[in-house]
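Chains as they are written, first to last, in the numbering used here: chain A, 85 to 334; chain B, 85 to 334. Positions of the beta carbon are idealized from the N, C-alpha and C atoms, including for glycine. Okay, so here's the structure we're looking at.
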DNA sequence: TTTTTATTGTGTTATTTTTACACGATTGCT
DNA sequence: AGCAATCGTGTAAAAATAACACAATAAAAA
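Quick look at the structure:
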């Protein structure tokens, strides 16, 4: 019985004698692998794209930085695990989070085979000033990161690349800014993420024509020059129109 | 010792007393999960986008169709597992294959928790005529599929969606066509995948301007009307120029 | 109080890209 | 010989993008 089921599972080219009755037994015969989630948490500060890293607690990676991760609990959906990690580390819920990719090189973890599923998260740095307790946590400028623990540099690079694409088809950037922001801040953000210079007038035209900025009527009050108007992102309007919207093109 | 390591792993917010010396022991403490790969194998025939499915061998899904999948072996990279599945089922190597996404709903498999990593594959149906032995394998028209085993309908829909996007930024479509093809065939393919009607003259203009079609000088000889020229995809030229190329836009 | 510095807000024009659209030529079929 | 189907081709209008400059404002420095 049991062996028959296994045969059907492992050599599926051969037509099985009959159908498998016990899905449980089938699954029980599968190899099992430890799974982790790793969050690539991006923030934006001082006109630079940052990523939140923690010092590795593995001796072998002493002094190196790593992504925020944890193993997935039994029966925990991976999205939930990623939200959990995010919440445990930053105290924030309700943040942008999306699955990016699964990494599976057999030797990516020095302790043996571990799969990891990378998640990309964007959060507003203002709402997450690091406390004293977090002395092993640090915001790093993405462009300056040279080396990391595990294959985390590869994961970070992949996620950054993913973000560059994703932001062109989905207005994620607003998650990185304070609730009210000037168009300069918005443009700086796009320039930092895409690593390009954009024309100010065309940038404004583009965003106004997309028509999901709300003019608050307020102005910046913390800049040493003529203050700009402050805007909010119109989530409602975006949700209504997102079917029609196919993306930004610079 | 051991308990200390576990504490560091499970409650990382607390600064660990010291570094973890044994990565192996750490990994040994992680929960383990069965992993499968599922291949969404697209083909193109009679102007329709098809997907290769197999009858489920689980009693509970009697008569339902499922994606081609298998569990990932110990220490097998997932990409390799996907290629293996593809090769076992179709006998083909050297085909287009790319990871799409990991699906992890706790109840997606009736036998207990199983993660699956979806891969998208494109292959030329001409080179894979189904043999008699494959009576449990069948090409299905993507648009007509209503219901599948497991969460495979969801995976298929996601992968189809993924393909629609991906084909706009990467000329994958050529993998679905014979080596030599007419522009009509190429256009039919794009129309089928994107589910749109395109203007014939503009379509030609677009592709010629991209400049990676080789004119073979030959003509179709199996059509009941004026034959069209046959072209080949210039992989070499595409590889050279792909940095500059940012995608198709219709 | 004046000047300097930095940045805001605003339109137009040239260029490129996209779209819409039609007809004579060629082949196989009857 | 005539019909049915598709091939191959170009142009003009419309839309999107790119390039570009200057007066107005606020704070900071002189």
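Name, please, each residue of chain B whose Cβ falls closer than 8 Å to the Cβ of residue i.
{"i": "residue 159 (chain A)", "result": "190, 197"}
{"i": "residue 183 (chain A)", "result": "185, 186"}
{"i": "residue 162 (chain A)", "result": "186, 188, 199"}
May I ask which residues mark the beginning and end of the beta strand (DSSP E) holding residue i?
{"i": "residue 134 (chain B)", "result": "132–139"}
{"i": "residue 202 (chain B)", "result": "199–206"}
{"i": "residue 302 (chain A)", "result": "297–303"}
{"i": "residue 247 (chain A)", "result": "Segment 236–253 is the alpha helix (DSSP H) holding residue 247 (chain A); no beta strand (DSSP E) there."}
{"i": "residue 128 (chain B)", "result": "116–129"}
Against residue i, what residues of chain B qualify as contacts under a CB-to-CB distance less than 7 Å, listed in chain order?
{"i": "residue 201 (chain A)", "result": "186"}
{"i": "residue 262 (chain A)", "result": "Ordered by position in chain B, no residue passes the 7 Å Cβ test against residue 262 (chain A), which lies about 26 Å from the chain."}
Have a look at the options and flag the residue whose alpha-carbon is nearest the alpha-carbon of residue i.
{"i": "residue 353 (chain B)", "options": "B:211, B:132, B:308, B:191", "result": "Limits of chain B in this structure are 85 at one end and 334 at the other, which puts residue 353 (chain B) out of reach."}
{"i": "residue 119 (chain A)", "options": "A:192, A:179, A:303, A:142", "result": "A:192"}
{"i": "residue 276 (chain A)", "options": "A:104, A:222, A:245", "result": "A:245"}
{"i": "residue 289 (chain A)", "options": "A:333, A:318, A:195", "result": "A:333"}
{"i": "residue 137 (chain A)", "options": "A:175, A:233, A:180, A:157", "result": "A:233"}
{"i": "residue 127 (chain A)", "options": "A:285, A:181, A:296, A:140", "result": "A:181"}
{"i": "residue 134 (chain B)", "options": "B:280, B:316, B:208", "result": "B:208"}
{"i": "residue 106 (chain B)", "options": "A:267, A:114, A:176, A:143", "result": "A:143"}
{"i": "residue 336 (chain B)", "options": "A:213, A:141, A:108, A:124", "result": "Chain B is shown from 85 up to 334; residue 336 (chain B) falls before or after that span and cannot be answered."}
{"i": "residue 179 (chain A)", "options": "A:188, A:168, A:189", "result": "A:168"}
{"i": "residue 190 (chain B)", "options": "B:266, B:223, B:199", "result": "B:199"}
{"i": "residue 170 (chain B)", "options": "B:322, B:203, B:283, B:248", "result": "B:203"}
{"i": "residue 195 (chain A)", "options": "B:304, B:294, B:109", "result": "B:109"}
{"i": "residue 253 (chain A)", "options": "A:225, A:104, A:326", "result": "A:326"}
{"i": "residue 295 (chain B)", "options": "B:317, B:284, B:281, B:174", "result": "B:317"}
{"i": "residue 266 (chain B)", "options": "B:239, B:297, B:147, B:243", "result": "B:297"}
{"i": "residue 183 (chain B)", "options": "B:255, B:329, B:201, B:249", "result": "B:201"}
{"i": "residue 291 (chain A)", "options": "A:324, A:262, A:329", "result": "A:329"}
{"i": "residue 166 (chain A)", "options": "B:188, B:166, B:176", "result": "B:188"}
{"i": "residue 117 (chain A)", "options": "A:157, A:139, A:282", "result": "A:157"}
{"i": "residue 210 (chain B)", "options": "B:227, B:251, B:130, B:262", "result": "B:262"}
{"i": "residue 213 (chain A)", "options": "A:229, A:173, A:149", "result": "A:173"}
{"i": "residue 319 (chain A)", "options": "A:230, A:104, A:256, A:145", "result": "A:256"}
{"i": "residue 176 (chain A)", "options": "A:145, A:226, A:125, A:139", "result": "A:125"}
Between which two residues does the alpha helix (DSSP H) carrying residue i extend?
{"i": "residue 182 (chain B)", "result": "No alpha helix (DSSP H) contains residue 182 (chain B), which is instead part of the beta strand (DSSP E) from 180–187."}
{"i": "residue 324 (chain A)", "result": "319–325"}
{"i": "residue 277 (chain B)", "result": "267–278"}
{"i": "residue 329 (chain B)", "result": "Segment: none, residue 329 (chain B) is in no alpha helix (DSSP H) and carries neither H nor E."}
{"i": "residue 225 (chain A)", "result": "Looking at the DSSP string, residue 225 (chain A) is not in any alpha helix (DSSP H); the run it does join, the beta strand (DSSP E), is 221–225."}
{"i": "residue 163 (chain B)", "result": "162–174"}
{"i": "residue 152 (chain B)", "result": "No alpha helix (DSSP H) contains residue 152 (chain B), which is instead part of the beta strand (DSSP E) from 152–155."}
{"i": "residue 292 (chain A)", "result": "284–294"}
{"i": "residue 111 (chain A)", "result": "107–112"}
My guess is that residue i and residue j are in contact by the Cβ rule of under 8 Å, so how many angstroms apart are they, rounded?
{"i": "residue 186 (chain B)", "j": "residue 278 (chain A)", "result": "Actually they do not touch by this definition, with Cβ atoms about 27 Å apart."}
{"i": "residue 159 (chain A)", "j": "residue 197 (chain B)", "result": "5 Å"}
{"i": "residue 221 (chain B)", "j": "residue 260 (chain B)", "result": "Not a contact, Cβ separation roughly 18 Å."}
{"i": "residue 304 (chain B)", "j": "residue 312 (chain B)", "result": "5 Å"}
{"i": "residue 122 (chain A)", "j": "residue 236 (chain A)", "result": "7 Å"}
{"i": "residue 239 (chain A)", "j": "residue 151 (chain A)", "result": "6 Å"}
So which residues on chain A does residue i lean against when the C-beta distance must stay under 7 Å?
{"i": "residue 277 (chain B)", "result": "Result: empty, since nearest Cβ-Cβ is about 16 Å, beyond 7 Å."}
{"i": "residue 334 (chain B)", "result": "By Cβ distance, chain A contributes nothing, its closest Cβ being about 11 Å from residue 334 (chain B), past 7 Å."}
{"i": "residue 146 (chain B)", "result": "103"}
Chain A partners of residue i, CB-CB under 9 Å?
{"i": "residue 316 (chain B)", "result": "Those do not exist, as residue 316 (chain B) stays about 29 Å from chain A at its closest Cβ, beyond 9 Å."}
{"i": "residue 298 (chain B)", "result": "The contacting residues do not exist; residue 298 (chain B) stays about 29 Å from chain A at best."}
{"i": "residue 143 (chain B)", "result": "102, 103, 104, 105, 106, 107"}
For residue i, go through chain A and note every residue whose CB falls closer than 8 Å to its CB, in chain order.
{"i": "residue 193 (chain B)", "result": "107, 111"}
For residue i, verify whether its CB is less than 6 Å away from any heavy atom of the ligand ADP.
{"i": "residue 315 (chain A)", "result": "No copy of the ligand ADP occurs in the structure displayed, which carries no ligand at all."}
Inset, instruction - With 9 Å as the C-beta to C-beta threshold (strictly closer), list the residues of the segment 103–137 of chain B near chain A in chain order. - result: 103, 104, 105, 106, 107, 108, 109, 110, 111, 112, 113, 114, 115, 116, 117, 118, 119, 120
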